[in-house]
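K.L.:
One structure coming up, written as structure tokens, with questions to follow.
Chains as they are written, first to last, in our numbering: chain A, -18 to 232; chain B, 572 to 774.
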């Protein structure tokens, strides 16, 4: 049977890995190529690279890094950040990405999902959504979680999957960086709404949080986290051993 | 030398990188002369069967591959490239494949339980059905990375490994010099590289 995936996420700015708390106060963590290799060797099932640079120079550095990582590391690589057009898909796929995640670019132009899925296949298009509770409703936020779009989150994800997104990353702004566990309520709502793989993001602080996630929501396919892995709070081999001990199937 | 056959389908960056990583001499080519001179061939592919089969035909590479197969040259198809080795596919209609292996490519929809997601995407364990040169460096239950919605059926002659996903799906095939992996060895970590190493090694 298919295994549950553990996915470290590397936010890249100006060629370095960074991770903030609640998307603010970024701090430099490590060299992306070295970190990616370490994760791959320790049993990461996939890697996500988010380009959070805005400058042209930063973007060039990012594609250089991606090419280096893809030449050395042979597990699936997903790239996100600054993906606004089908040409952006082309740019990162040529550097060795396997999947491309869209967020603000798809909010601006939802047909980006359809056009990219037609060209590269649904399996290549990942819809990533930053979601926060506003007045008791799940709302989609754009621009790295800074801007309330006013859109209802579950409906947006349903629409994205209908347009051709083959996978969904659900990032809860409410739980991100707080390390009190994944946003079970939000993730359950998403799993009920769509029939493509759902990746949980935001809130992992302990190994137990991962166990709770997969035990509580058997439909969740993968868990994504950054700082707990970057800072060594959780080692992936330990995490996998614990999951296995709880009858959760992992690689 | 290993030749990765480039017929305009998909991105060959990772595949080429993975052969370089294991120290194999590798080239990506659509040149029949280079394909004829190569020791072993890789037939890659992602996307739709009909489109890929048409590109192979239009480029004339289908005849080149069949001729090399008939000479006994080792050929490994990967993902859609493996599916193209079979007689036919029922992906959106009925389409002819290369016919180097007996069997058909069919949708998993309707075969696997409705609660399982399609495509079959992620890491899944290999269950060996027969000994194969491809498995000399790996073990039963090692996981490899799959992304597919169709699978090879009626291929008892060639199936060497399956993966369990609500049904026993064909994961790898071998018949004489013709081999194939439904999964992506170039995305399957050390296990995948070990399968490519086995393909590169002499028998």
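Glycine included, every Cβ here is placed at the ideal spot set by N, Cα and C.
(1) So residue 74 (chain A) contacts chain B; which residues on that side make the cut at Cβ distance below 7 angstroms?
(2) Would you decide whether residue 2 (chain A) is buried or exposed? Buried here means 16 or more other CB atoms lie within 10 Å of its CB.
(3) Helix, strand or coil for residue 654 (chain B) per DSSP?
(4) Mind listing the chain B neighbours of residue 202 (chain A)? Cutoff is C-beta to C-beta under 9 angstroms, in chain order.
(5) Confirm the yes/no value for this check: CB of residue 664 (chain B), any heavy atom of the ligand PLP, distance under 7 angstroms.
(6) Check whether the stretch 656 to 668 of chain B and the stretch 711 to 727 of chain B are in contact - that is, three or more C-beta pairs closer than 8 angstroms.
(7) Checking 8 angstroms against the spacing of the C-beta atoms, do residue 160 (chain A) and residue 184 (chain A) come in under that value?
(8) For residue 8 (chain A), I'd like the list of residues in its chain whose CB is within less than 6 angstroms of its CB, leaving aside the five on either flank, ordered along the chain.
(9) Using 10 angstroms around the beta-carbon of residue -18 (chain A), count the other beta-carbons present and answer buried if the total reaches 16, otherwise exposed.
(10) Mind checking residue 37 (chain A): buried by the 16 CB within 10 Å criterion, or exposed?
(11) Using beta-carbon positions only, say whether residue 201 (chain A) and residue 231 (chain A) come within less than 8 angstroms of one another.
(12) Is the distance from the Cβ of residue 138 (chain A) to the Cβ of residue 175 (chain A) below 8 angstroms?
(13) So, does the CB of residue 220 (chain A) fall closer than 8 angstroms to a CB anywhere in chain B?
(14) Hey, could you find the ends of the beta strand (DSSP E) residue 542 (chain B) is sitting in?
(15) Can you name the residues that DSSP bridges to residue 31 (chain A)?
(16) Using a C-beta to C-beta distance shorter than 8 angstroms, which residues of chain B count as neighbours of residue 21 (chain A)?
(17) Are the CB atoms of residue 47 (chain A) and residue 77 (chain A) nearer to each other than 8 angstroms?
(18) Between residue 750 (chain B) and residue 679 (chain B), how many whole angstroms is the CB-CB distance? I'm expecting something under 8 angstroms.
P.N.:
Quick answer:
(1) Mapped onto the first chain, residue 74 (chain A) falls at position 93. Chain B residues near residue 74 (chain A): 582.
(2) Here residue 2 (chain A) corresponds to residue number 21 of the first chain, with the count starting at 1. Per-residue confidence for residue 2 (chain A) stands at a pLDDT of 47, beneath the threshold of 50, marking its modelled position as unreliable; the derived number appears in the next sentence. Under this definition residue 2 (chain A) is an exposed residue.
(3) Along the second chain, read from residue 1 onward, the residue named residue 654 (chain B) stands at position 83. Looking at residue 654 (chain B) - three-state DSSP - the assignment turns out to be helix.
(4) Here residue 202 (chain A) is taken as the residue at index 221 of the first chain, counted from 1. 688, 692, 693, listed in chain order.
(5) The ligand PLP is not among the ligands present in this structure, which contains no ligands whatsoever.
(6) Yes: the two stretches touch, three or more of their Cβ pairs being nearer than 8 angstroms.
(7) Here residue 160 (chain A) refers to the residue found at position 179 when the first chain is read from its first residue. Here residue 184 (chain A) refers to the residue found at position 203 when the first chain is read from its first residue. Contact check for residue 160 (chain A) against residue 184 (chain A) passes: the beta carbons are separated by less than 8 angstroms.
(8) Within the first chain, residue 8 (chain A) is the residue found at index 27, counting from 1. Its pLDDT being 49, under 50, residue 8 (chain A) is placed unreliably by the model, and the measurement read from it follows with that caveat. No residues qualify anywhere along the chain.
(9) Position 1 of the first chain holds residue -18 (chain A). With fewer than 16 other Cβ atoms within 10 Å, it is exposed.
(10) The count along the first chain starts at 1 and reaches residue 37 (chain A) at position 56. Exposed is the label assigned to residue 37 (chain A), since fewer than 16 other Cβ atoms lie within 10 Å of its Cβ.
(11) Locating residue 201 (chain A) in the first chain gives position 220, where the first residue counts as 1. Locating residue 231 (chain A) in the first chain gives position 250, where the first residue counts as 1. No. Outside cutoff.
(12) The sequence position of residue 138 (chain A) within the first chain is 157, counting from 1. The sequence position of residue 175 (chain A) within the first chain is 194, counting from 1. Their beta carbons are under 8 angstroms apart, which means residue 138 (chain A) touches residue 175 (chain A) by this criterion.
(13) The count along the first chain starts at 1 and reaches residue 220 (chain A) at position 239. Output row for residue 220 (chain A): interface = no.
(14) Since the displayed chain B opens at 572 and closes at 774, residue 542 (chain B) lies outside it and no answer follows.
(15) Taking the first residue of the first chain as 1, we reach residue 31 (chain A) at position 50. Answer is A:-8, A:61, bridged to residue 31 (chain A).
(16) Residue 21 (chain A) sits at position 40 when you count from the first residue of the first chain. Contact note: residue 21 (chain A) reaches chain B through 760, using a C-beta cutoff of 8 angstroms and chain order.
(17) As a working note, residue 47 (chain A) is residue 66 in the first chain. As a working note, residue 77 (chain A) is residue 96 in the first chain. Taking 8 angstroms as the Cβ cut-off, residue 47 (chain A) and residue 77 (chain A) qualify as a contacting pair.
(18) The residue given as residue 750 (chain B) occupies position 179 in the second chain. The residue given as residue 679 (chain B) occupies position 108 in the second chain. With a Cβ gap of about 22 angstroms, residue 750 (chain B) and residue 679 (chain B) do not count as contacting.
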